[in-house]
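Here is the structure we will look at.
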Amino acid sequence: MNSACLDALLSQVEKPARYTGGELNSIIKEDAFVKVALCFPDVYEIGMSHLGTRILYNVMNACEDALCERVYAPWPDMENALKQAGEPLFSLETKRPIASFDIVAFSLLYEMCYTNIFTVLELSGIPFYAKDRRESDPLVICGGPCACNPEPIAPFMDVVLLGDGEEMNPELLRVFAACKRNGCDKRDTLLALSKIEGVYIPSFYAPQYAENGDFIRLQSVEPQAPDRILRRVVRDLDAAPYIGKPIVPYLSIVHDRIAVELFRGCTRGCRFCQAGFIYRPVRERKRETLMQQAKDMVACTGYDEISLLSLSSGDYSDLHALVPEILDEFAPQRVSVSLPSLRIDSLLKNDLERMQAVRKAGLTLAPEAGTQRLRDVINKGVTEEDLIRSVTDAFEAGWNGVKLYFMIGLPTETEEDLLGIADLARKVSQAFYSIPKDRREKGLRLSVSASSFVPKPWTPFQWEPQDTKESIIKKQQFLRNALKGIRGVEFAYHAPNISVLEAVVARGDRRIADVLLQAYRNGARFDSWDEHFKLKAWEDAFAAYDIDPAYYANRRRDTEEPLPWDHIDMLVSKAYLKRERENAYAATVTRDCRKGCNGCMGERYADYCKI
Amino acid sequence: MRIIARFEKTESVRFVSHLDIQRLFQRAFRRAQIPLAYSQGFNPHPILSFATALSVGYTSEAEWLDVKLASDMDKDDFARRVNGTLPEGFRIIEVFSVDERFPSLSAIMAAADYTLQVFDPPADLAPRIETLLSAPIMVEKRTKGGMRTVDIRPMLYDYRYSNGFMRILGCLDAKGSLNIDLFMGALLKQDASAASYRVHRNRIFSNDGVLMPKMPERLS
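If you read the protein sequences in the order shown, they are chains A and B.
Under the numbering used here, the residues of the first sequence are numbered 396 to 1006, in order.
Under the numbering used here, the residues of the second sequence are numbered 249 to 468, in order.
Written as structure tokens, this is what we have:
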């Protein structure tokens, strides 16, 4: 794109710096044999905050004959400006049109970003459906956690990548480069790519449905296609490449700090949590590796905050050595350290006070459910006692802002469980105000947030019905009343429309693809943003294809019913998920797998897990 | 030790906002291992201030910052180290080491000199400017108390125009400043859009000529 044209576009949009690139540490290669446009289908500030795409950006740019440039979903003002000017969407690094890349790769982090994929494709003149694309069109691929049920977007994708990308993506680029060099056509290229562990080629399979519309199976239509696609796993995370020199954005982004990834996977086994199952087994980085990464990244970015990231950072086995070491290392430089998803225990108490001495951060805890019974159902191994002790410690250490996250609509939930949320909030409030005034901050800010439960594939709750919209709204009102009068409490909740859609798309089959595209055509964009969400666009899209969202969201599925993601192998076995489901109903807690193997992968992949 | 520096903001970073620039310099100082002094109090922050904000989309060779260091260092070494780590598009041009009691930048600045390039200027732009300047220029201005109508004519001290290029000498002090976009809006009316002209700040003047050049009577 020429600069006059770019200027004209940029002068029309609210935040031009979303599209200008040129940030410190961004990687600009003039040319390469294989060009990848790495696209995060949300706005810059969100996409730039995502660690996974940053790893892939670094990893793919490290490949010798490849270059990788960033693309984010254009905000509606930019989308309109591009359409009016008749200009194609372009990459941040070299402002190349997206269609001129060999591969367009989407990161799928959230189902409600899917419509933005269409914005990117349309503004690039790339046909939506894989079957409509020509030999000259780029290969459209995707990966990320949502790919664990790729079926709702499968018809739009040439290739789906399952699992960790650190090794898989470079391998994909190597195979692709060889195909390109040999002048392979698209089918031969896809065949070659399908041999890579973790690669799924949707067009090699066709869905079969019963007369009543039930999904039966995905039938292979390509003799060489594997029956099941095994998720790719990086065995040695400590040796795996990380994000290199982090790009330092000009704009303030959502997670505007350095992140070191302590470990991947989680041993807790919370039964609602998809991430807890699809990233198994736990793989840790060594403390020395993390310290070195933190030092290097602070030096080359100038950031003043480091976040110790993972699904449950409090579980890092070397945490009690890491936290003081990293605090000591960076305190002289006034670089603060934050620990999200924190489980406070008494050993950490002193370090907590020091963390605050550098910079104050809020405290967020996620009991998820209001009663011990329901917490046992979801296997959230946290007790009321833990929680009250944690917040009391924090209050005495000078905190006065606490966020408590809960879910409503969990399987087996009753009124008592909702009242339990209010009860817990009351006890936290009392814990604060019972501390003498001179030993705590003045006022408590206790935010109680209730999201609606969305059953997800690859969890023990994958067969569960979601609460209906009406029921969720009723429960929200009930809870709001129950929380009234508790000192310092603020209740945060959301209209359940988005959760319902999320439930449909998360467990959908290929028939949902048409609905997604129709919703986009009806104007759906940035659906996770309240200001953009258009319920009617979705309702009309479901009506247009005569699809009842309740069939996907609110129906209890039989455990013997074929599931649209049965052809995927995420390592955790279906038998284990069934067993965990039974345990949930019995309110039986399953131990943290650091305390002993629960056999989640069966015999098949025993060597994957080093715990 | 207190350092005042003039820096430029060029083409490639003209969309970086003032708020982003504050953060950007803090990070650049950290990368360059400049020993910054921090404020006291509960949430210490570097003691760093800027003369004035530049509108998003403008370029400039007259941006001024004022920063306090925890220990002394050679001012040229400061500039060298910071320039070694600033992102492309920003560059420190001159540095001064000043006394603690030296007034703030916003207290000494008095006026600024801009060059504007007007794209596809209307043929009668020169007489239009003359006409506009012959009377009060009443514009709608957003203030804390809502929209207000103000006369910006007194803040425009001098101008030159030829062939699509305009120079403007306008007020820029602690009490107020000539808003170029409001002036161009009044001049170009419906033809005005952010894409119809470009603005570059050449200089910021002071009243007494200390650090910043002394404000001239008229543009040369």
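Glycine is no exception: its CB is placed at the ideal position from the N, C-alpha and C atoms.
Could you check whether the stretch 535-555 of chain A touches the stretch 467-482 of chain A, counting it as contact only if at least three pairs of C-beta atoms, one from each stretch, sit closer than 8 Å? No, the stretch 535-555 of chain A is not in contact with the stretch 467-482 of chain A.
Any idea what DSSP makes of residue 753 of chain A, helix, strand or coil?
Here the model assigns residue 753 of chain A a pLDDT of 38, short of 50, so the residue's position is not dependable, and the following value carries that caveat. Helix, per DSSP.
Report yes if the CB atom of residue 734 of chain A is closer than 9 Å to the CB atom of residue 712 of chain A, and no otherwise.
No, the Cβ-Cβ distance between residue 734 of chain A and residue 712 of chain A is not below 9 Å.
| Quick one: is residue 729 of chain A near chain B, going by C-beta distance under 9 Å? | So yes, residue 729 of chain A belongs to the interface.
Mapping the DSSP letters down to three states, classify residue 677 of chain A as helix, strand or coil. In this structure, residue 677 of chain A counts as coil in the three-state DSSP scheme.
Q: Let me know the secondary structure DSSP gives residue 962 of chain A once reduced to three states.
A: If DSSP states are grouped into helix, strand and coil, residue 962 of chain A belongs with coil.
| query | Closer than 9 Å, Cβ to any Cβ of chain A: which residues of the stretch 296-318 of chain B, in chain order? | reply | Listed by position along the chain: 304 and 305.
Residue 508 of chain A in three-state terms, based on DSSP: The DSSP-derived three-state label of residue 508 of chain A is helix.
Nearest-angstrom Cα separation, counted from residue 803 of chain A out to residue 840 of chain A | Those two C-alpha atoms are separated by around 22 Å.
Can you give the Cα-Cα distance for residue 721 of chain A and residue 653 of chain A, rounded to whole angstroms?
Cα-Cα distance, rounded: 13 Å.
- Task: Put residue 1011 of chain A into one of helix, strand or coil per three-state DSSP.
- Result: Shown here, chain A extends from 396 to 1006; a query on residue 1011 of chain A therefore has no answer.
Q. By the 10 Å Cβ neighbour count, where 16 or more other Cβ atoms means buried, how is residue 865 of chain A classified, buried or exposed?
A. Result: exposed.
When the distance is taken between beta carbons, is residue 519 of chain A closer than 9 Å to residue 433 of chain A?
-> Contact: no.
| task | Sort out for me which residues DSSP pairs residue 954 of chain A with in a bridge. | result | Partner(s): none; residue 954 of chain A has no beta bridge.
Below-9 Å beta-carbon distance, residue 604 of chain A vs any chain B residue:
So, not an interface residue.
- Task: Mark residue 413 of chain B as exposed unless 16 or more other C-beta atoms lie within 10 angstroms of its C-beta, in which case mark it buried.
- Result: So residue 413 of chain B counts as exposed.
Local conformation of residue 585 of chain A per DSSP, three classes: Helix.
Count the other C-beta atoms from every protein chain shown that fall within 10 angstroms of the C-beta of residue 647 of chain A, then say buried if there are 16 or more, exposed otherwise.
-> The residue in question, residue 647 of chain A, is exposed, as its Cβ has fewer than 16 Cβ neighbours within 10 Å.
Which residues of the stretch 397-415 of chain A have a Cβ closer than 7 Å to any Cβ of chain B? Give them in chain order.
Within the stretch 397-415 of chain A, 402, 403, 405, 406, 411, 412 and 415 place their CB atoms closer than 7 Å to a CB of chain B, listed in sequence order.
Here's a check: name, in chain order, each residue in its chain whose Cβ is nearer than 8 Å to the Cβ of residue 566 of chain A, leaving out the five neighbours to either side. Correct list, in chain order: 591.
- Task: Give the range of the alpha helix (DSSP H) segment to which residue 946 of chain A is assigned.
- Result: Element bounds for residue 946 of chain A: 944-948.
Candidates B:347, B:426, B:311 and B:308, of which the one nearest residue 320 of chain B by Cα: For residue 320 of chain B, the nearest C-alpha among the options comes from B:347.
Item to complete: Put residue 690 of chain A into one of helix, strand or coil per three-state DSSP.
Response: The answer is helix: DSSP assigns residue 690 of chain A an H, G or I state.
### Query
Per DSSP, what kind of secondary structure is residue 458 of chain B in: helix, strand or coil?
Of the three classes helix, strand and coil, the one that applies to residue 458 of chain B here is coil, per DSSP.
DSSP three-state label for residue 758 of chain A, please. It is a strand residue.
Review point. When the Cβ atoms of the stretch 575-590 of chain A are set against those of the stretch 541-551 of chain A, are three or more pairs found closer than 8 Å?
Key: Short answer: they don't touch.
Q) In angstroms, rounded to a whole number, what distance separates the CA positions of residue 795 of chain A and residue 782 of chain A? A) Rounded to the nearest angstrom, the two C-alpha atoms are 15 Å apart.
Would residue 300 of chain B and residue 452 of chain B qualify as a contact pair, given that the criterion is a beta-carbon distance under 9 Å?
Going by C-beta atoms, residue 300 of chain B is nearer than 9 Å to residue 452 of chain B.
What is the C-beta distance between residue 949 of chain A and residue 935 of chain A, in whole angstroms, given that I count them as a contact (C-beta under 8 Å)?
Contact between residue 949 of chain A and residue 935 of chain A is ruled out by a C-beta separation of about 20 Å, above the 8 Å threshold.
Does the stretch 660-679 of chain A come into contact with the stretch 986-993 of chain A, if we say contact requires no fewer than three beta-carbon pairs (one atom in each stretch) closer than 8 Å? Taking a cut-off of 8 Å for Cβ pairs, the stretch 660-679 of chain A and the stretch 986-993 of chain A touch, as three or more such pairs fall below it.
CA-CA distance, residue 877 of chain A and residue 819 of chain A?
Distance between the alpha carbons of residue 877 of chain A and residue 819 of chain A: 11 Å.
Which residue comes first and which comes last in the beta strand (DSSP E) that contains residue 465 of chain A? The continuous beta strand (DSSP E) containing residue 465 of chain A extends over residues 461-467.
Closest Cβ-Cβ distance between residue 261 of chain B and chain A: below 9 Å?
Answer yes: the Cβ-Cβ gap between residue 261 of chain B and chain A drops below 9 Å somewhere.
Q.
Below 8 Å on the Cβ atoms is my contact criterion, and I expect residue 352 of chain B with residue 251 of chain B to pass it. Report the Cβ-Cβ distance as a whole number of Å.
A. About 14 Å; that fails the 8 Å criterion.
- Message: Please classify residue 266 of chain B as buried or exposed, where buried requires at least 16 other C-beta atoms within 10 Å of its C-beta.
- Response: Only exposed fits residue 266 of chain B, as fewer than 16 other CB atoms lie within 10 angstroms of its CB.
(request) Have a look at the DSSP bridge pairing and note the partners of residue 364 of chain B. (result) The partner list for residue 364 of chain B (beta bridge, DSSP) reads B:414 and B:447.
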